[in-house]
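Just below is one structure, and these are the notes that go with it.
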Amino acid sequence: MTNEEQKEQGANQTQEEFVQKVKEARQESQPQSLKGCGKEKSALANSILLVIAGLLVGVFASGYLGINFSNTSGGNVLGVQVSSEETVIEKDGKTWVAYDDPIIDATVITNSDCEACDPDETIQMIKQNLIPTIKVVKIESNSEEAKKLIEDFNIKTIPAFIFGATLAEAENFEKASAVFQENGGKYLLDSQKAGLKVGEYLEIPKVSDADAQKGPSDAPVTIIEISDFECPYCSKAKETVDELMEAYPGKIKLVFKHLPLSFHKNAQKASEATECAGEQGKFWEMYDKLFSSQQNLEIADLKKYAQEFNLNTKQFNDCLDSGKYEEKIKQDIEEAAEFGVGGTPAFFINKQFISGAQPLEAFKKAVDGELNK
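Numbered according to my numbering, the sequence shown spans residues 3 to 375.
Okay, structure coming up:
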């Protein structure tokens, strides 16, 4: 085995150990109440270090940047190593290190009025652990420059990170291309694939008359709930939303969108049942019933609930058996995917986003933030 092959094998083994440690650490640190259905896989993606590092092993090596997976002390998950050809200069009591890497321009689109949009932590993490030679310029999302980038890349969330053409000069850049979207010689870091936390959505799912809604149509806050009737975390979050609606009378319009997860065998028909009940003005009654009866969501149960609500059972049964609302629910699923939502529950509070069954205080903070704008 050559030295290069040994080096690559060692890097791969170290990466596997690192990934396992991150998995264990994240599982231990994540509060049970903040979890959601379908989030086990995406939880790992919440670490930009994990996702990008997995793709960038050796990308900046061979005369560029090296990634040291073994440096986990002091809170540093990854460590930057200069290339074997670095130049170290001492001047005026300071040590200067020259990298072979080119300077990589990075434009960050943000909103200074949005606390959650602050990109500094992510920028610092990238500089310290991945690309030490990035030169960052921040621009406001309402600026003309930002608007053009948003249009060019179809950016839906901020902060957004766009890198200059020199990013592609890394010898093995192709290995990392999966987390970047190229347009006109610039590279957008895909926030969804990289697991970046969303600060603010620039647009939200469209609300139409076909969506179940309650609350004033002109309410200052619109909450879009994306949920699965068989997900236990969704049931918990539903109780929180009920409390929230009571705490802010007349201030919130609640909109429901479906995301029945494929591994919940009864979720699809449960969603259809709420729409069939909605034809007869009983969507929210069926909504409440299904979340309180998650262990009993077979088709026979759904038809029994329709009887309990004194619905026209023939109309309801025909609707449910025919799959009348399959297409509507499919559209909800596809729309959720467009916004990077793959687990439930998920909530858009105007342009803010909350993922998982978070405590009431988290929702109140978001609502208060919108009311105070």
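Virtual Cβ for every residue (Gly too), placed ideally from N, Cα, C. What you are looking at is a predicted structure, and each value in this text was computed from that prediction instead of being measured.
Boundaries of the beta strand (DSSP E) in which residue i is found, first to last residue
i      : result
Val223 : 223 to 229
Thr109 : 106 to 112
Glu300 : First-last for Glu300: undefined, no H or E at that position.
Lys216 : 214 to 216
Nonlocal neighbours in the same chain, by C-beta distance under 6 Å from residue i, ignoring five residues either side
i      : result
Lys149 : none
Glu171 : Pro104
Gly217 : Ile254, Lys255, Leu256
Phe258 : Ala214, Glu227
Lys137 : Ile105, Asp107
Ser357 : Ala348
Leu246 : Phe365
Thr112 : Cys119, Pro121, Lys140, Ile160, Pro161
Leu190 : Phe155, Ile164, Gln183
Glu147 : Ile141
Gly371 : none
Pro262 : Asp230, Ala269, Gln270, Ser273
Opposing strand residues paired with residue i [DSSP bridges]
i      : result
Asn185 : Lys188
Ile254 : Val223
Tyr203 : Thr159
Ser357 : Ala348
Lys137 : Asp107
Cys39  : Thr346
Lys93  : Lys96
Glu142 : Thr112
Phe165 : Ala108, Tyr189
Lys259 : Ile228
8 Å Cβ cutoff, residue i in contact with chain B
i      : result
Ile356 : Considering every chain present, this structure includes no chain B. It has just one protein chain.
8 Å CB neighbourhood of residue i in its chain, flanking five on each side removed
i      : result
Glu287 : Ala279, Phe311
Leu204 : Ser143, Ile152, Ile157, Lys158, Thr159, Ile160, Lys353
Exposed unless 16 or more other CB atoms sit within 10 angstroms - verdict on residue i
i      : result
Leu67  : Confidence at Leu67 is low in this model, with a pLDDT of 35, below 50, so the placement of that residue is unreliable and no value is reported for it.
Ala239 : buried
Val90  : exposed
Val369 : buried
Gln354 : buried
Glu277 : buried
Pro361 : exposed
Asp230 : buried
Asp334 : buried
Ser31  : The pLDDT assigned to Ser31 is 40, lower than 50, so where the model puts this residue is not dependable, and the model offers no usable value.
Ala100 : exposed
Ser294 : exposed
Leu373 : exposed
Ser179 : exposed
Ser193 : buried
Asn144 : exposed
Thr315 : exposed
Ala249 : exposed
Ala27  : Residue placement at Ala27 is poorly supported in this model, since its pLDDT is 42, which falls under 50; the coordinates are not used for a value here.
Thr242 : buried
Ser86  : Because the pLDDT at Ser86 is just 48, under 50, the model does not fix this residue reliably, and the point stays unresolved.
Thr97  : exposed
Lys291 : buried
Ala308 : buried
Phe341 : buried
Ala339 : exposed
Gly325 : exposed
Alpha helix (DSSP H) segment containing residue i, residue limits
i      : result
Lys316 : 315 to 324
Cys236 : 234 to 249
Ala269 : 269 to 280
Tyr289 : 285 to 293
Gly371 : 362 to 373
Ala339 : 328 to 340
Glu123 : 122 to 131
Proximal residues to residue i (C-beta, below 7 Å), its chain only, five neighbours per side dropped
i      : result
Pro251 : none
Asp220 : none
Leu313 : Ala279, Gln282, Lys284
Is the region 316 to 326 in contact with the region 191 to 199, if contact means three or more CB pairs nearer than 8 Å? Touching, no, given that fewer than three Cβ pairs across the two stretches are closer than 8 Å.
Under 8 Å: do the region 234 to 242 and the region 270 to 278 share three or more Cβ pairs, one atom per stretch? no
With three or more C-beta pairs closer than 8 Å as the rule, is the region 180 to 192 touching the region 158 to 172? yes
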